[in-house]
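Input: a single structure, listed below in structure tokens.
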Amino acid sequence: MAKDSNVKYALYPIISSIQKIIVYDMKDTFYVVGSNNTQTKFRVLRINRLEPRELIIVDDKIEYSSEEIKSLLEIKSKSNKYVSAFGIVGFVRFMEGYYMILVTKRRRIATIGLHYIYKVEDTTMIYIPHESIKIPHHDETRYVKMFQSIDLSSNFYFSYSYDITHSLQVNIALPKDLNKLYEKKKSEGAKIETQSDEKKNDRPILKEVEVLSRPNERFVWNSYLLSEVDAGRLSQDWILYMVHGFVSQANISIFGRSVYVTLIARRSNKYAGTRFLKRGANFKGDVANEVETEQIVEDMGVSSWPTCPRISSFVQMRGSVPGHWSQDTTKIVPKPSISYDLADPFAETPGRHFKQLFDRYGAPVIVLNLVKQREKKKHESILSEQFSSDIKYLNQFLAPAKAIQYVTFDMARKNKGTKANVLGRLAKIAESVLSKTGVYMQTTRGESLQTGIIRVNCVDCLDRTNTAQFALGKCALSIQLSSLGLLGKSRLDFDCDCTRLLEVLYEDHGDTLALQYGGSQLVHRIKTYRKTAPWTSQGNDIMQTLSRYYSNTFSDAEKQHAMNLFLGLFIPRENEIPIWEQTTDFYLHHPETIKIILPKRDRLPLTQWWGEEEVQHLSKDFRERDAIVNKLSNLEKVDLFTDFHRTHEFTPFSDVFTFNMSHTVKDFAPHCVTDVSPFTVRIGPGRRRDDIVKGNPSLTGHCSTTSNTSSDSCSPDSDEEEIRTDSRQSSSPAKQSTQSNTNSQCFTSKPPSMQDMLLYKRYVVIGRQATVSTHNYTQLVLHPVSKFKPDSSFEVTPPKVSAQSMALYESYVAKKYNTLDDCILPQQAEKYARYCNNQLYMYQAMPWSY
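FYI, the numbering for the sequence shown is 1 to 850, going by full-length UniProt numbering.
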């Protein structure tokens, strides 16, 4: 989209005006009253309760004031308050009537600029039809129980103002119809410039618009629940788009300057399922276990939203090997055999998958394959051979500059041996691939874009994939900090506080995703590949392996049924086989196999699998961002400052989520450290907060970044003492290096020199002679020159009046009384004397305290 060089656009996202909801119950109607945070504007929904099988909702789309809504509720005085909530998740129906799902508890978990991201903490389901017209069905209870097994309080996220279904780069991009909007306004004669015409040649014209993004349906997990109301039946303010995956945020303190690192993982709702039951891809090119991970770094020292924030983001993704392959789960074995079920000689399914990647992210597409390459008995290597063959076939039709780049790294083989350096090799790969894609960067100097995507996979997209994504994220973090001017060098050391904080974020990221579709936390962690894991972790690895094996064998089928029901792949109907009696869900995910599909006339030739247009470096979403754009008219709709700071609310400081956020100084640096830089290498004693993982991040709702720190003690151990003793006796370079590392991390006291001891003894002797009498002399008592009175705002010490001053005052009063005898009446003189005496008495009796 062409941009006018003399025009600068300021995009203001529209804040949802419904953030608090109260449901009032009547026999025939549910009244859903929604309001903004300040409760100055209200909206009303009316839901009919006298229809047993249909959903009848009336949205009058009228904005009420507080007085109007009070009068409306007084008219409906018979209604009772049913429940309070923070948003509507959607509506669902099984065999009876509809249910309404509400968010009853939320928690702030991250902030991007002035936008809050919330985690769902609790929900409730309300049965809409009245009990008097209910038509019971024997399967209803089982369907409800299966639906509720998808725990909405476990890793579901939403925002009222920020579109978390898109990446930061897409959200900041200009909408595709922006220029058309202003051309239409200009043709109608509307004045669109906000600056004077005489200065428009000197600086760009600022055009302010309000933007309401249309979400990326791939990452909206409640899209089926909103299907009954999303087609214009309800105002957009009532609708919340939920993302399933992982969100966490931490604070890197660079000498007091806060830099927030946010990790957002969006799990795709296409071809979603559990570990063994969903492998490969469907015919549309949607792969199993697809997750888009975005790493956002924001300099919080400058508040410049929304015009020019100092922020950066890096996007990568994981997903199964595209193809029609599966594993035989009928035999209870740890590693079921891998086989390709359908032949795909022209690589049509991988082609559709890579076409999606080109459209969503642009070029280049870089594949980092971590599957084993060589095996004595072929197992994983079957996938590598077929994947490599498919990419070679597809690349022969692409221009060399736009070809899919295929990188292999056999992590399992390279990790053998005590001297293995898996993370070091992954770091070199990360530097190479990131130099081709870049990262998104927005600063005062300008904007740079990320082009293309790095796609990481192993067999399960769990342990190895998460470690490789951490290596990519570490390399990206160094580039992001350097571009923001906060890091001089281009690399981060593994043992600095900054990298350890990022490692904990990716560990929680991997644990959460592994629990969602693997049934356990990570088995092989980042420390495993760094060879720094303690020997006690082997027991935990065994327990995680057993937990994953049990889940895959006994509970994955029920999880898959619940997921198919939640996503709307299976819709219960009368006289049809219930979902729990179906032997396979293959036809739900591959509907093309149960109906005859005639060949399309506009079907692309196999030699042009990427589409009609040429492959672009920028994504289609960035080039043609889909959003509702209007001229900025109401500042209250886009007032991010008030929505973020909540000046109308009272919040204890301990409840502010930024106060409890993981922090490099608070959670990672040793307590007695003198160098608080997050880039200093920590080798030796001190707090290693990431050694303790408290609780389950997916089940508790809290990431392990909130774990307690280890021991606060910084006393040197025996090894340190030996190093210091040897360093005084020998000046070898190795020992001097060890000593410098120890001193840079923790302050250790040194014995005072002989000169300092003599000076101190002289000082002690002088003090004794000045205050203590050693002979028959009078003891010398020292008093301070000045003393401060114990005055305060509650009590003041009264001044002391001497006898001489009192006598002088009394003579003055008497003299005044005598002079008045000749010029005033005796009655007046007597009255004045009583007044003086009263004043004198009150002055003497005044307590001078309040």
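Virtual Cβ for every residue (Gly too), placed ideally from N, Cα, C.
| Asked | Found |
| --- | --- |
| The stretch 225-235 contacting the stretch 450-460, beta-carbon criterion three pairs below 8 Å | no |
| Supposed close pair Trp-112, Arg-49 - CB separation, criterion 8 Å | Looking at the sequence provided, one finds Ile at residue 112 rather than Trp. Not a contact, Cβ separation roughly 40 Å. |
| Nearest-angstrom Cα separation, counted from Ala-471 out to Lys-378 | 28 Å |
| Where Arg-233 sits in the DSSP three-state scheme | coil |
| Cβ neighbours of Ser-167 in the same chain (closer than 7 Å, five flanking residues each side left out) | Glu-294, Ser-313, Val-315 |
| Span of the beta strand (DSSP E) around Phe-387 | Here Phe-387 belongs to no beta strand (DSSP E); instead the alpha helix (DSSP H) covers 381-395. |
| At least 3 beta-carbon pairs within less than 8 Å: the stretch 475-482 vs the stretch 387-403 | no |
| Residues near Tyr-835 in its chain [Cβ-Cβ closer than 7 Å; skip 5 each side] | none |
| Burial state of Tyr-116, where buried means 16 or more other Cβ atoms lie within 10 Å | buried |
| Coarse secondary structure for Asn-415, derived from DSSP in three states | coil |
| Proximity test, Cβ basis, 8 Å: Pro-799 and chain D | The structure shown contains no chain D; it holds only a single protein chain. |
| Cβ contact (3+ pairs, closer than 8 Å) linking the stretch 396-415 and the stretch 358-376 | yes |
| Euclidean distance between Cα positions of Ser-849 and Ser-802 | Residue placement at Ser-849 is flagged as unreliable, the pLDDT there being 39, under the threshold of 50; the coordinate-derived value follows with that caveat. Each residue's Cα considered, the two are about 21 Å apart. |
| For Glu-574, the three-state DSSP class (helix, strand or coil) | coil |
| Proximity below 8 Å, CB of Leu-234 to CB of Ile-57 | yes |
| Residues of its chain near residue 851, where Cβ-Cβ distance is below 6 Å and the 5 sequence neighbours each way are ignored | Nothing about residue 851 can be read from this structure; the chain reaches only from 1 to 850. |
| Runs of alpha helix (DSSP H) lying entirely within the stretch 122-160, each at least 4 residues, in chain order | 140-148 |
| Local Cβ density within 10 Å of Asn-80, reported as buried at 16 or more and exposed below that | exposed |
| Same chain, Cβ closer than 6 Å to Phe-86, five either side skipped, listed in chain order | Val-103, Arg-106 |
| When Leu-174, Ser-66, Val-44 are compared against Tyr-9, the one with the closest alpha-carbon | Leu-174 |
| Coarse secondary structure for Arg-762, derived from DSSP in three states | helix |
| Start-to-end residues for the alpha helix (DSSP H) that takes in Asn-564 | 556-566 |
| Endpoints, beta strand (DSSP E) assigned at Gln-327 | 325-327 |
| Coarse secondary structure for Gly-87, derived from DSSP in three states | strand |
| Beta-bridge pairing of Val-170 - partner residues as DSSP gives them | The partner list for Val-170 (beta bridge, DSSP) is empty, contrary to what the question assumes. |
| Candidates His-663, Tyr-241, Val-92, of which the one nearest Arg-500 by Cα | His-663 |
| N-terminal and C-terminal residue of the beta strand (DSSP E) that Tyr-260 is part of | 257-267 |
| Distance between Asn-171 and Gly-446 (C-alpha atoms, nearest Å) | 16 Å |
| Pairwise C-alpha distance: Leu-513 and Phe-679 | 29 Å |
| Alpha-carbon spacing of Ile-21 relative to Leu-55, whole angstroms | 19 Å |
| Sequence ranges, alpha helix (DSSP H) only - wholly within the stretch 475-544, length at least 4 | 497-517, 526-530 |
| According to DSSP, residues forming a beta bridge with Thr-111 | Tyr-116 |
| Ser-633, buried or exposed, once every other Cβ within 10 Å from all chains shown has been counted against 16 | exposed |
| Segments of 4+ residues assigned as alpha helix (DSSP H) that fall wholly inside the stretch 605-693 | 620-623, 640-645, 664-667 |
| Exposure of Met-95, with buried meaning 16 or more beta-carbon neighbours within 10 Å | buried |
| Spatial distance of Thr-349 from Ala-562 (CA atoms) | 27 Å |
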